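Chains as they are written, first to last, in our numbering: chain Y, 68 to 360; chain R, 316 to 767.
In structure tokens form, the structure reads like this:
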């Protein structure tokens, strides 16, 4: 232990001897995903924490997972269905809005919550190191819990309408559901961590996000079918990577709309690009963000 | 010995004031200028170099290099802003260095992280798992140590109660139990002695010794010189981000304490800090000096200290008394004193003419106990007017190195730590004067015999 290093290192001491080397800026593409995997227990515990703590000291507890989508759906049915009389591709209005809401909510929640990663966790990040990416990833999973509950609720309503003879036609496209979920999660995470990385420098983005996500919903066929959009504007709606996801989901379970694989492929490509940019950016920011909060 | 931490040419730069350009446009033009190899268009022209500051940038660490061998306990000392915490932050990967590198062998853990990530709504059991995972343990490791952790925490009966219902003592014990069972190869302890109760501090220090004894490495950052002396073998002195010295602890502490690095120990009042009602009294500055006249922040209890309060009178004041309050950090008043407490001095300075003055007071050596003190000032005419008062003008630390009883690693109760005159004598044997008596008698006898 000397200042001038006059302790002679044992022969053969080389880089491999060190378990950790701390350097200024890591290689741009050194994402240390292996480390993220090593900390998978932590990700799991974050999910558990979020799930357990969210509805503690609320009277209805996890029932809120069911109340939220039902209330939203009823609101949409009344405002957009009864008052504005928007078309629903001939589907029961309640099911039409609920299918859109369930899918959109998962994406929007993933985006909203991950976009706050650095701000809400600055206390924790300032004290101890762990792969920061495990926080937004845990958010995807805790939102997935809510999604699954709401999805099961949707299936119940679907079954009810089906039995009572409404014109809905579930088909083989339902097999794509896991892929749809993956793409919603991926897109939500990608956009979310891009925003969270940028908010460490430009705080105003936080307000923009809440507002922007709301607007985005209206640019997505949640409350209207793609078929109701005039042909020449349809390309704009189709440019939205969430559109094919909502359309495919609705077609798979309710049998109305016109999904195609090419559009889904577009969403998939979009997800890969956004996710890559997001992870690279996040990785770069996490090294020094504590200096800027 | 094997080197487990190698710090090479480590530097860390912080930007002062407003972080980043603030707007996208500024950042973009900066980036564009950099790409073309042009200077930063927003950098202040002719920014003056203030020691470690260059313009709006500050070097928290500058070209620091050192090695730590396995099993050593290394102290790190330096005044506030010297770079101690930055060094630990880089070492525990909370922030990245600007240049240079640290190579580490083994897991690094910090006692600073006690209770990090505890969630109030979760039970003790759930928090043990969560906290353990945050600190880098996997589920299996925690499950294996779970019973031991619970036992160590002394809260087994509340383990399934949400921790928000815990008393703060229980909370800290549980949190510490998790951290204590982490078994890192390198343990980092930062100022823990400043937080928690005496019991908790004792536990922390005990844990540190355990870790060191089992052949692992400890880095100990503290302002408490006697703790550094007691616990560490070698100590590193940082000042303004530079490594000033790395030597055997007594030598390093001595260098630090006598070099005047030990903080400003000075307070100057700005114009807008002085209320208009203070006129014609105008406070200027307050200093704490050691016997060598150096302005310091940490004083030794074994040395006297001089407090100098400089002020200006814009017109004469009759019956003025200028005084000091001394309080501990816990708010106990240690003493109140005025410069005209002596009746003769009061008579001599009945009217103070306009002009600049210094009221100087010496606090004797072996008087204050160790700890953090708050110095307040007051200027008033008794029962006429209070011109100026600042109850928290300055804080300083008293270090008990070499004080009576400092060889015992314990916190002494009490505000004062005088060197008292103790005598030890055995009660079962006759006291000293009786011992002397027979000898005197026999001498007498001898002379008598001699006379005969």
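Glycine included, each C-beta is placed from N, C-alpha and C at the ideal position.
Note that the coordinates shown come from a computational prediction; the quantities given were computed from them, not determined experimentally.
Tell me residue 384 (chain R)'s beta-bridge partners as DSSP assigns them.
-> R:318
Nearest CA to the CA of residue 233 (chain Y): which residue from Y:241, Y:239, Y:224, Y:282?
-> Y:224
So which residues on chain R does residue 351 (chain Y) lean against when the C-beta distance must stay under 9 Å?
-> In chain order: nothing, as chain R lies at least about 10 Å away.
Return the chain-ordered list of same chain residues with a C-beta closer than 8 Å to the C-beta of residue 319 (chain R), the five sequence neighbours on each side being excluded.
-> 383, 384, 385, 419, 420, 421, 500, 501, 532
Please confirm if residue 85 (chain Y) has its CB atom under 8 Å from at least one CB of chain R.
-> yes
Can we say the stretch 388 to 402 of chain R touches the stretch 435 to 443 of chain R, given the rule of at least three CB pairs closer than 8 Å?
-> no
Interface flag, residue 448 (chain R) vs chain Y, CB-CB below 8 Å | yes
Which residue or residues does DSSP assign as beta-bridge partners of residue 414 (chain R)?
-> R:326
Please list the partners that residue 434 (chain R) has in chain Y, where partner means a Cβ-to-Cβ separation under 8 Å.
-> 116, 120
Quick one: which residues of the stretch 396 to 420 of chain R get their C-beta closer than 8 Å to a C-beta of chain A? List them in chain order.
-> Protein chains in the displayed structure are Y and R, and chain A is not among them.
Do residue 342 (chain Y) and residue 279 (chain Y) have their CB atoms nearer than 8 Å?
-> no
Compare the C-beta of residue 377 (chain R) against all C-beta atoms of chain Y and say whether one is closer than 8 Å.
-> no
N-terminal and C-terminal residue of the alpha helix (DSSP H) that residue 381 (chain Y) is part of | Because chain Y spans 68 through 360 in this model, residue 381 (chain Y) falls outside it and cannot be assessed.
Spatial neighbours of residue 355 (chain Y) in its chain, beta-carbon cut-off 8 Å, leaving aside the 5 residues before and after = none
Partner residues on chain R for residue 97 (chain Y), Cβ-Cβ distance less than 9 Å | Within 9 Å Cβ-Cβ: nothing; residue 97 (chain Y) doesn't reach chain R, min ~13 Å.
Answer yes or no: does any C-beta atom of chain R fall closer than 8 Å to that of residue 203 (chain Y)?
-> no
Distance, Cα to Cα, residue 266 (chain Y) vs residue 629 (chain R)?
-> 52 Å
Backbone CA spacing between residue 174 (chain Y) and residue 122 (chain Y) [nearest angstrom] | 21 Å
Below-8 Å beta-carbon distance, residue 369 (chain R) vs any chain Y residue = Here the model assigns residue 369 (chain R) a pLDDT of 42, short of 50, so the residue's position is not dependable, and the following value carries that caveat. No, no contact with chain Y.
Look up residue 204 (chain Y) in the DSSP assignment and say whether it is helix, strand or coil.
-> helix
Cβ pair residue 168 (chain Y), residue 136 (chain Y) closer than 8 Å | yes
Do the CB positions of residue 697 (chain R) and residue 615 (chain R) come within less than 8 Å of each other?
-> no
Any C-beta of chain Y under 8 Å from that of residue 437 (chain R) = yes
Would you mind telling me which residues of chain Y sit closer than 9 Å to residue 329 (chain R), beta carbon to beta carbon, in chain order?
-> 358
Is the Cβ of residue 556 (chain R) closer than 8 Å to any Cβ of chain Y?
-> no
So, is residue 655 (chain R) buried or exposed, given that buried needs 16 or more other C-beta atoms within 10 angstroms?
-> buried
Can you pull the chain Y residues whose beta carbon is under 9 Å from the beta carbon of residue 454 (chain R), in chain order?
-> 108, 111, 112
Regarding residue 416 (chain R) and the ligand NAD, is the C-beta to nearest heavy atom distance less than 7 Å?
-> For the ligand NAD, the structure offers nothing, since it holds no ligand at all.
Should residue 721 (chain R) go down as buried or exposed, given a rule of 16 or more other Cβ atoms within 10 Å for buried?
-> buried
Backbone CA spacing between residue 155 (chain Y) and residue 288 (chain Y) [nearest angstrom] = 10 Å
Range covered by the beta strand (DSSP E) that runs through residue 640 (chain R) = 635 to 643
Starting from residue 535 (chain R), follow the beta strand (DSSP E) in both directions and report where the run begins and ends.
-> 532 to 536
Going straight from the alpha carbon of residue 607 (chain R) to that of residue 585 (chain R), what length do you get?
-> 28 Å
8 Å Cβ cutoff met for residue 621 (chain R) and residue 675 (chain R) = yes
Proximity below 8 Å, CB of residue 112 (chain Y) to CB of residue 448 (chain R) = yes
Please report the residue range of the beta strand (DSSP E) in which residue 273 (chain Y) lies.
-> No beta strand (DSSP E) holds residue 273 (chain Y); the alpha helix (DSSP H) holding it covers 272 to 285.
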